[in-house]
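Numbering (the numbering used here), first residue to last: 160 to 317. Where a beta carbon is used, it is the ideal one built from N, C-alpha and C, also for glycine. The block underneath contains the structure these notes are about, expressed in structure tokens.
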């Protein structure tokens, strides 16, 4: 089983000109309790089910298991998912260090106006460059978890 280690940041500047790929993602949750979130998503032309465990003390590391499933199955499961759907475009941006790739999510719908960037790391203390368009770090802040954005969307924060 895999462990996910990532750092998450708000985005404060223009990153799109550096993006080399953009994919639309629609996702919902069968379970959004922190101990085990069960996410279903359509990412481009593929479907996935993902189970994530609770994060460690810093919020940067947690268990993650993902399996590709038919898009038709995702659509059927969305019918019984918890209320709220996440709609976003994920942009991939190569980092200036040439080692890491940023996943930058631009949200729509009830989360319109929110853009966050994540970088996956091999170790929590692994160094990485921070591009100019990166803003405040929000790693471990539950309100930025997708499973929370469906319950308390960005539009309600103002």
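Item	Value
Meets three-Cβ-pair contact criterion under 8 Å: the segment 201 to 220 and the segment 293 to 311	yes
Cβ-based neighbour list, residue 219, same chain, cut-off 7 Å, excluding 5 preceding and 5 following	164, 165, 166, 283, 298 and 299
Beta-carbon proximity check, residue 203 vs residue 182, cutoff 8 Å	yes
Short Cβ contact (8 Å threshold) for residue 201 with residue 292	no
Segment limits, alpha helix (DSSP H) that includes residue 280	Segment: none, residue 280 is in no alpha helix (DSSP H) and carries neither H nor E.
Classification of residue 226 by the beta-carbon crowding that lies within 10 angstroms, buried from 16 upward	exposed
Under the three-state DSSP convention, the category residue 237 falls into	helix
Local Cβ density within 10 Å of residue 243, reported as buried at 16 or more and exposed below that	buried
Check: residue 303 C-beta below 7 Å from any heavy atom of the ligand SAM	This structure simply doesn't include the ligand SAM, nor any ligand for that matter.
Test item: CB-CB of residue 311 and residue 302 under 8 Å	yes
Paired residues, beta bridge with residue 298 - DSSP	None, per the DSSP bridge assignment.
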